[in-house]
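Single-structure report; data block below.
Numbering (the working numbering), first residue to last: 508 to 582.
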């Protein structure tokens with residue numbers, strides 16, 4: 508089984524909570540929203556130390572940021 512980071516979950520959760528990208532940028536200490544957008548779009552990778560703060564802001568568990576992909580088994 509392979510785990511993959513789920514960027515769409517982060518974006519959808521942020522939008523559901525009505526948190527702007529500018530607010531996220533400020534929370535993480537970025538100068539502007541475009542820097543945060545690079546993380547949310549996958550241009551930059553979220554660092555492990557960012558995940559606890561992200562889970563608090565998005566009011567969810569860190570495990571929600573990952574999806575499990577089950578490999579196909581040849582029969």
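Ideal Cβ placement from N, Cα and C applies to all residues, glycine included.
Check each candidate in 565, 569, 571 and name the one with the smallest Cα separation from residue 523. 565
By the three-class DSSP mapping on this structure, what secondary structure does residue 560 have? helix
Within 10 angstroms of its Cβ, does residue 512 collect 16 or more other Cβ (buried), or is it exposed? exposed
What's the call for residue 551, buried or exposed, on a 16-neighbour Cβ count within 10 Å? Result: exposed.
Own chain, CB closer than 6 Å to residue 574, minus 5 neighbours either side, in chain order: 511, 513
Contact set for residue 515: own chain, Cβ-Cβ below 6 Å, skip 5 residues either direction: Nothing listed; no residue qualifies.
Residues in the same chain with beta-carbon distance under 7 Å from residue 542, minus the five sequence neighbours each way, listed in chain order, please. 532
I'd like to check one pair, residue 560 with residue 534: are the Cβ atoms closer than 8 Å? Result yes, Cβ atoms of residue 534 and residue 560 sit closer than 8 Å.
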